[in-house]
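S.K.:
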Amino acid sequence: MNKYNPAKIEPKWQKQWAESGIYKDYSRDKKFYALDMFPYPSGAGLHVGHPKGYIATDVVSRFKMLKGYSVLHPMGWDAFGLPAENYAIQNKIHPEAAVKENIKTFKKQLELFGLTYDWDREINTTDPEYYKWTQWIFLKMFEKGLAYESDEPINWCPSCKTGLALEDLENGLCERCGSQVVQKKMRQWVLKMTEYADRLLEDLDSEDLDWEKSIVDQQKNWIGRSEGATIKFKIGNGKDWLEVFTTRLDTIFGCTYCVVGPEHPIIEKIKDQIENYKEVEKYIIQAQNKTDLERTDLQKDKTGVELKGVKVINPFNDEELPLFIADYVLGHYGTGAVMAVPAHDERDFEFAKKYNLPVKQVVAPYSLDESNPPRKGKENTVRRVVHVILENKKGEVLTLNLKGDEWGKEKPKTFIIGGIENEETPEQTALREIAEETGYTDVEVLRIHPIEFHAEFFAAHKDLNRYVKTTGVVCKLLSEKNEAISQEEEKLHDLVWVKRDLLSSSVTIPDDIFLAKAYAQNIDAYTDSGVLINSGKYNELTSEKARGEMVKWLEKERIGGKKVNFKMRDWVFSRQRYWGEPIPIIHCEKCGTVGVPEKDLPVELPKVEKYEPTGMGEGPLAGIKEWVNVKCPKCHPAGDHTKGDGCTAKRETNTMPQWAGSSWYYLRYIDPKNAKELVGKSEEKKWMPVDLYVGGAEHATRHLLYARFWHKFLYDIGAVSTKEPFKKLVHVGLIQGEDGRKMSKRWGNVINPDEVISEYGADSVRLYEMFMGPFTQNIAWSTKGVVGMRRFLDRIFEHLRRQEKNGKEWFKNWCDIEKWKNDKSKGNTPKNLKIILNKTIKKVTEDIENFRFNTAISQMMIFLNGLYKTEASQQFPDSVELESSLSTFIRVDDYEKFIILLSPFAPHFSEELWERLGHKTSVFLEKWPEPEKEYLKDEQISLIIQINGKVRDQIEVTAGVKEKDAKELALAQDKIVKYIDAKTIKKVIFVPDRLINFVV
RNA sequence: GCCCGGGUGGUGGAACGGUAUACACGAGGGACUUAAAAUCCCUUGGGAGCAAUCUCUUGUGGGUUCGAAUCCCACCCCGGGCACCA
């Protein structure tokens, strides 16, 4: 009965907080909007991982309240979408009923944690009063031309029987059910997200955003902006042009062929000129039948067919080039056609190798940066060592084939030399001679451009201190003059490749090697920038400069120009399913596509018996005749367009995707009951932007992109006042099962929060989830860890209880805050404790602000340990002898500061202690303590004494000790005397209050 | 392949370029107890030594520095994202 009993304490405070509405003081000057990604109320309920983010925002919310902010901390439900519907179908209940049921469970579970949610602002995306505004936003987009119908092929999930957005795929599979997605042509609603691509990208770097780098990078990557140019190639002598997109205009002189994707319209256009049209047609059909996965499988060889009889002309040098059709070129990106430069593009290189097409190098590498001049006469760089030939002093030869990491006593027979010219070049001749000289019987010349080069280096013994430890011998690189080369020179030298390749090989080089020769082959395309060669008048320009000049020329000739492309695509916005917001559109025979008038919103989702997907292009809603058939609002502008005679019109039967409702929900919390506007102007101004947003990283390229897109649109139409919705974004690290796997029913490793809470209390769980490690990191759950947190709380409780029990009368005096306040000179918290306390205040404050909850908690533990240690030295007095005995005990107002520090993490517990300390009001109405500067520094510090940077001793000195005194003290230490001995001190480094280092 | 993170005791993890291993878990020993649980105290990176003490240690190899887990270069491994985006 003397123990801390959370089961008794926690529900009591939860009830009290709910009734008093203590979190809902929205009248303070400073505001803080803390937002959690609202959950999808699934049937499985919560596991202990879900609330981690909620606890963090709750800690910050309570902290901000104590700091004097009005805090908006709402919660709601994202309940539309496939999982809810699939769950409903599986369990044979209506989605609406299922959602209702699940929300109840979720809410009950969440309430156990004692979170500061204002449930008066609870929202639910499936509530018609909510989705009225989702539909309203869609209508506005429709009005502005941002929502349009399209017949482009889209990703179709045959199992979920619906179209999907690019963002809904995982490795080409349906993100929900894992089915293979197929391309299907069908009518779809699409949102023109690409129109916002530039702004979505730019604002990621704006000051309105304080996001984690990883999420920003992911989004940038997804948006995928690339700057390049379009070039028009003339097709044969005809009138047709082929337009290609490239980011590497500087490599245009290396273009040896062009490729179009199988979908490209040009094929139909120049059909007559294609001599092997049948073959081409066959290839197109084959490509269409491939799934996306097959097509993008990189392991697979590239395939393609040459369009015989068709040539395209490179406008820069008037070369006639062959044209191919190949499915490694994507129809939807750029212009759906590319200029192929095998020497400088890996894909083109691979294709060229397969079809034996010429490879022409036009960019020579320069080292590292532009300030290094290109190396004259060395256009063809060494890239990878293929063979190494080693000789020892006895003239014995070892050969090493680095491709296979094998040693042989004999020289390899074949040596490959590449080149595209028909005649052997002088370089190749030289190389051939070297190869033959070293014993190759078969020297093969391939029509692959990259050329081997030879490099020599001496291998010496272990006294030479650089390189190749892994291979068991120490080699030193020498220049042509047999002088050791510096690291800087080495960077300019081909040998750097030799060295690296040798280092990364796993073979052991014998010790007695005297001479080594390495033969390297450039086996890849060179894809970096460099200096132009073989490029006519553009020779010797850097890639960057050449691109500029070339674009200018293209523009002048009117055959191309600058072009920016994005990987991101428009948002496929319709789903052929039941459980989603109806798209508020009416198709009229006469007027075409008409938006539902605002006054008729919401278009309610009709209640139906059958909501299974049909698998056809229409949603299940199409089957509900009385809902689908309406009057056109344009033909019947005056009255109720759902009644009366006139033209025939039908409602749109597709619904919105699950991401629709979550794209703006944070705005509705601000003004949840507003029937006139999506959010009231003044309320919006008061609360936006969201100051802190916490949620899973899996939303980086979906929800967070969609929400930013919608927000920018709302900004453009004047509905919101900020450009960005979320100021600070932190992603929450997963809590894995105790086995280290993802928590899931499948693995049977799910930990239910209800059970853990009933065993150890909500505060223990809160503390543990914040303590387990860095917030953003994935960490496995350990119930043992919760036990540790409970012990921490128990110890605090025990400390107070012991004093209540033992102290009796004098404790009451001691607890009399007024008394101590009136007589400050009686302050008696021992100084060492005072210092720990103030350090703790400082650290906890900073750590909460920086999401370092784990170290905040460990600091509080350090404080508690200090408290125990200090007080343990003093027995509780039997008689009332305050003056002497109190000197080792903490003063109440100091102790209370600690309770306030603890309160955001363990609110129920702290509130209980607060009451026991005699307070009648909540701890959350207190002020967050400020550290007292004079107690932030230790009086005595231990000064580290180092000799040559190694710790040799430490001495206790008073803080702020001068260098001169420290030096004298240090040199007086026996150990130091011993170490320094007869040596002379060359230098002394003194870091105040930390260390003194003697260099001898 | 490309882009982000990471790699520190038996475990989760601490450490403005300045005592590596804070805090917690686990383990071992002790106290209390008839006993167990709970609680409290002590020990706990490796190696050597009776000991004082010495010595090694932050994925690997180099470098910069009086001094590196931390900064630079190269490599290896793990996690996440993207993936034929020209």
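One point on numbering: in the numbering used here, the residue at position 479 of the first sequence is 481, and numbering is uninterrupted.
The beta carbon of each residue, even a glycine, is placed where N, CA and C say it ideally should be.
1. To which residues does DSSP link Ser-228 through a beta bridge?
2. How would you call Tyr-870, buried or exposed, if buried means at least 16 neighbouring beta carbons within 10 angstroms?
3. Counting Cβ pairs, one atom from each stretch, are 3 or more of them under 8 angstroms apart for the region 242-251 and the region 218-234?
4. Just list the alpha helix (DSSP H) runs in the region 19-77, keeping only unbroken ones of 4 residues or longer that don't cross its boundaries, in chain order.
5. Could you name the residues of the same chain whose beta carbon sits closer than 6 angstroms to that of Asn-7, not counting the 5 residues immediately before and after it, in chain order?
6. Hey, Ala-339 and Cys-260 are a contact pair by Cβ (cut 8 angstroms); roughly how many whole angstroms apart?
7. Run through DSSP, which three-state label would Lys-134 get?
8. Taking just the CA atoms, how far does Asn-291 sit from Ala-699?
9. In this structure, how does DSSP classify Ala-328 when only helix, strand and coil are distinguished?
10. So the candidates are Glu-917, Cys-162 and Ser-531; which of them puts its Cα closest to the Cα of Pro-615?
11. Assuming Glu-740 and Ala-782 are in contact, meaning their beta carbons sit under 8 angstroms apart, how far apart are those beta carbons, in whole angstroms?
12. The alpha helix (DSSP H) spanning Gln-92 covers which residue range?
13. Rounded to a whole number of angstroms, what is the C-alpha to C-alpha distance between Leu-480 and Lys-980?
14. Could you check what DSSP says for Val-596 in three-state terms: helix, strand or coil?
15. What did DSSP end up calling Leu-971 once you bin it into helix, strand or coil?
16. Could you tell me the alpha carbon to alpha carbon distance between Ile-327 and Gln-220, rounded to whole angstroms?
17. Buried or exposed for Ala-9, going by 16 or more other Cβ atoms inside 10 Å?
18. Would DSSP call His-921 helix, strand or coil?
19. Need the endpoints of the beta strand (DSSP E) that Ser-152 sits in, please.
20. Within the continuous alpha helix (DSSP H) that includes Ser-723, where are the two ends?
21. Please specify which runs of the alpha helix (DSSP H), each continuous and at least 4 residues long, are wholly inside the region 153-235, giving them in chain order.
22. Could you tell me the alpha carbon to alpha carbon distance between Ile-418 and Val-953, rounded to whole angstroms?
23. If you count every other CB in all the chains shown that lies within 10 Å of the CB of Tyr-528, and 16 or more means buried, which is it?
24. Would you check if there are 3 or more beta carbon pairs closer than 8 angstroms linking the region 28-44 to the region 76-93?
25. Put Arg-577 into one of helix, strand or coil per three-state DSSP.
26. Note down, in chain order, each residue of its chain lying with its Cβ closer than 6 angstroms to the Cβ of Asp-796, except the 5 sequence neighbours on either side.
27. Name the residue from Phe-794, Lys-977, Ala-908 and Phe-911 whose alpha carbon lies nearest to the alpha carbon of Phe-865.
28. What does DSSP give as the partner residues of Thr-258 in its beta bridges?
29. Please name the residue, chosen from Leu-623, Cys-649 and Val-846, that lies closest to Lys-633 on a Cα-to-Cα basis.
30. For Arg-870, list the residues DSSP reports as bridge partners.
31. So Tyr-580 and Leu-534 are in contact, right, with Cβ under 8 angstroms, and what is the actual spacing, rounded?
32. So, with DSSP's three-state summary, where would you put Ser-684?
33. Put Leu-504 into one of helix, strand or coil per three-state DSSP.
34. Keeping to the same chain, check which residues put their C-beta closer than 7 angstroms to that of Leu-556; ignore five residues upstream and five downstream.
35. Just curious, the beta strand (DSSP E) that Thr-248 is in, first and last residue?
36. Given a cut-off of 9 angstroms, decide if Ser-723 and Met-745 are closer than it, judged by their beta-carbon atoms.
M.R.: For this structure:
1. Answer by DSSP bridge pairing, in chain order: Asn-567.
2. Label assigned to Tyr-870: exposed.
3. Using a C-beta cut-off of 8 angstroms, the region 242-251 makes contact with the region 218-234, since at least three inter-stretch Cβ pairs fall below that distance.
4. Here the runs fully enclosed are 53-68.
5. Within its own chain, no residue has a Cβ closer than 6 angstroms to the Cβ of Asn-7 once the five positions on either side in sequence are excluded.
6. Correct: roughly 7 angstroms between the Cβ atoms.
7. Correct three-state label for Lys-134: helix.
8. Going from the Cα of Ala-699 to the Cα of Asn-291 covers about 35 angstroms.
9. The answer is strand: DSSP assigns Ala-328 an E or B state.
10. Put simply, of Glu-917, Cys-162 and Ser-531 the residue whose alpha carbon is nearest the alpha carbon of Pro-615 is Cys-162.
11. 6 angstroms between Cβ atoms; contact.
12. 84-93 is the extent of the alpha helix (DSSP H) around Gln-92.
13. A caution first: Leu-480 carries a pLDDT of 34, below 50, which makes its placement in the model unreliable, though a value can still be read off. Lys-980 has its alpha-carbon roughly 45 angstroms from the corresponding atom of Leu-480.
14. Under the three-state reduction of DSSP, Val-596 is assigned to strand.
15. If DSSP states are grouped into helix, strand and coil, Leu-971 belongs with the helices.
16. Going from the Cα of Ile-327 to the Cα of Gln-220 covers about 32 angstroms.
17. An exposed status is given to Ala-9, since fewer than 16 other beta-carbon atoms sit within 10 Å of its beta-carbon.
18. Three-state DSSP puts His-921 in coil, outside helix and strand.
19. First-last of the beta strand (DSSP E) with Ser-152: 149-152.
20. Secondary structure note for Ser-723: it is in no alpha helix (DSSP H), with a DSSP letter that is neither H nor E.
21. Counting whole runs of 4 or more residues, the region 153-235 contains the alpha helix (DSSP H) stretches 199-204 and 215-225.
22. With a pLDDT of 47 at Ile-418, under the threshold of 50, the modelled position of that residue is not reliable, and the figure given next carries that caveat. Ile-418 and Val-953: Cα-Cα distance of roughly 58 angstroms.
23. Around the beta-carbon of Tyr-528, 16 or more other beta-carbon atoms lie within 10 Å, marking it buried.
24. Judged by Cβ distances under 8 angstroms, the region 28-44 makes contact with the region 76-93, as three or more pairs qualify.
25. In the three-state DSSP reduction, Arg-577 falls in the strand class (E or B).
26. Closer than 6 angstroms at Cβ, skipping near neighbours: Tyr-6.
27. Put simply, of Phe-794, Lys-977, Ala-908 and Phe-911 the residue whose alpha carbon is nearest the alpha carbon of Phe-865 is Phe-794.
28. According to DSSP, Thr-258 bridges with nothing at all.
29. Answer by Cα proximity: Cys-649.
30. With the sequence shown as reference, residue 870 is identified as Tyr, and Arg is not the correct amino acid for it. Answer is none; Tyr-870 lacks a bridge partner.
31. That pair is no contact at about 60 angstroms.
32. The answer is helix: DSSP assigns Ser-684 an H, G or I state.
33. Note on Leu-504: pLDDT 45, under 50, position unreliable in the model; the coordinate value appears next. In the structure shown, the three-state DSSP call for Leu-504 is helix.
34. Result list for Leu-556: Ala-231, Ile-233, Gly-562 and Gly-563, in chain order.
35. Per DSSP, Thr-248 belongs to the beta strand (DSSP E) from 243-248.
36. At a Cβ-Cβ threshold of 9 angstroms, Met-745 and Ser-723 do not count as neighbours.
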